[in-house]
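Below is one structure, written out as structure tokens, with a few remarks after it.
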Amino acid sequence: MSGALLVEARGAVEIATLNRPERLNALNEGLVDELGAYFGGLAERKEVRVVILRGAGRGFCAGLDIQEDRATDETPVLRTLRTQTNIGNIYRKMRACPQPIIALGHGAAAGGGLSLLLASDVRYAAPDFRCNAAYIRIGLGGCDMASSYFLPRLVGASLASEMILTGRFIDAERALSAGLVSEIVDADKLLDRGLALADEMLATSPWGLRLSKQALNLNIDAQSLDAAMAIEDRQQVILSATEDHQEALAAFLAKRPPDYRER
4 MSGALLVEAR GAVEIATLNR PERLNALNEG LVDELGAYFG GLAERKEVRV
54 VILRGAGRGF CAGLDIQEDR ATDETPVLRT LRTQTNIGNI YRKMRACPQP
104 IIALGHGAAA GGGLSLLLAS DVRYAAPDFR CNAAYIRIGL GGCDMASSYF
154 LPRLVGASLA SEMILTGRFI DAERALSAGL VSEIVDADKL LDRGLALADE
204 MLATSPWGLR LSKQALNLNI DAQSLDAAMA IEDRQQVILS ATEDHQEALA
254 AFLAKRPPDY RER
């Protein structure tokens with residue numbers, strides 16, 4: 004580990020901090036590798052139930068570090084393909100990991116940094132937050148790093164097209180009104196707000212939380228109402244047979260916190 008990603012454990016919650024503040028947490032090869040390894044390993048780490056993702060310094064993430072020397076002996080087009088794939092795999096792993104990801108955005112989130120937010124499950128923003136799909140501004144296509152997948156689903160086709168076809172920034176207020184973020188929180192209270200939401204998630208059963216994220220992932224692309232409800236029915240039948248379901252019912256009736264045991 005190069006220290007480009009700092010991970011702090013708070014019980015069953017981990018706080019993952021992008022730690023290249025001198026480069027606005029831009030994605031260099033080291034940070035890309037650490038993010039890929041971290042999110043790729045979470046499926047086997049059942050002791051971690053919620054992840055909070057944030058950036059150190061003045062902003063969340065400025066996107067790809069275009070000043071990094073990526074010269075190798077590879078054919079240039081293959082080198083570019085490798086870079087695209089390695090970064091893109093981070094977002095795939097974020098969606099695939101069973102833990103909900105709470106992203107805390109402040110300052111700028113540009114390009115691949117925006118996609119880190121989009122691939123998270125819940126997003127809170129500081130008042131100085133602003134974000135853009137930066138790719139078209141440097142002579143590339145505006146659709147990159149899953150932006151053409153995530154953005155229309157979060158904010159609708161019109162605002163997604165506006166952002167992708169221009170690369171323009173939107174501020175925290177517009178992000179909130181469009182549903183890109185859930186809430187605007189003072190910067191000094193942002194982490195506390197994320198931890199408070201994590202605590203609410205921790206009050207649910209471990210398998211209930213995991214399978215709920217899975218169902219949301221699947222049903223965003225469900226082919227029909229019947230397909231979506233089949234996923235829900237599968238989840239409920241599985242969970243209804245668990246000991247934690249019986250414990251949750253007993254705790255509810257006794258007006259006490261549940262003591263979940265199935266990990």
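Position 245 of the sequence shown, counted from 1, bears residue number 248 in our numbering, the numbering being contiguous throughout.
The beta-carbon is built from N, C-alpha and C at its ideal position, and this holds for glycine as well.
Tell me which residue opens and which closes the alpha helix (DSSP H) that residue i is part of.
i, result
"Gly-91", "79 to 99"
"Arg-177", "175 to 181"
"Ile-167", "160 to 169"
"Ala-19", "Careful: Ala-19 lies outside any alpha helix (DSSP H), inside the beta strand (DSSP E) at 16 to 21."
"Gly-211", "209 to 222"
Identify which residue in the options has its Cα closest to the Cα of residue i.
i, options, result
"Gln-217", "Gln-102, His-248, Ala-74", "Gln-102"
"Glu-37", "Ala-206, Leu-107, Asn-22", "Asn-22"
"Ala-112", "Pro-260, Asp-202, Ala-65", "Ala-65"
"Gln-238", "Ile-223, Leu-214, Asp-247", "Leu-214"
"Ile-104", "Leu-8, Asp-131, Asp-124", "Asp-124"
"Gly-197", "Ala-128, Leu-212, Pro-209", "Ala-128"
"Gln-70", "Cys-100, Asn-28, Pro-209, Asn-222", "Asn-28"
From the DSSP output, in three-state form, read off residue i for me.
i, result
"Thr-245", "coil"
"Gly-110", "coil"
"Leu-30", "strand"
"Leu-200", "helix"
"Glu-47", "helix"
"Ile-187", "strand"
"Met-148", "coil"
"Leu-38", "helix"
Mind checking which residues open and close the beta strand (DSSP E) that includes residue i?
i, result
"Asn-135", "133 to 135"
"Ala-127", "The amino acid at residue 127 is misidentified as Ala; the sequence shows Tyr. Element bounds for Tyr-127: 125 to 128."
"Arg-13", "8 to 13"
"Gly-58", "53 to 58"
What do you get for residue i, buried or exposed, if any count of 16 or more other CB atoms within 10 angstroms of its CB means buried?
i, result
"Phe-255", "exposed"
"Leu-84", "exposed"
"Ala-199", "exposed"
"Gly-44", "exposed"
"Ala-244", "exposed"
"Met-166", "buried"
"Met-232", "exposed"
Measure from the C-beta of residue i to each C-beta in chain D and report whether the shortest distance is under 7 Å.
i, result
"Ile-69", "Included in the structure is just one protein chain, with no chain D present."
Quick one: what's residue i bridged to in DSSP?
i, result
"Cys-64", "Ala-112"
"Ile-105", "Ile-55, Val-125"
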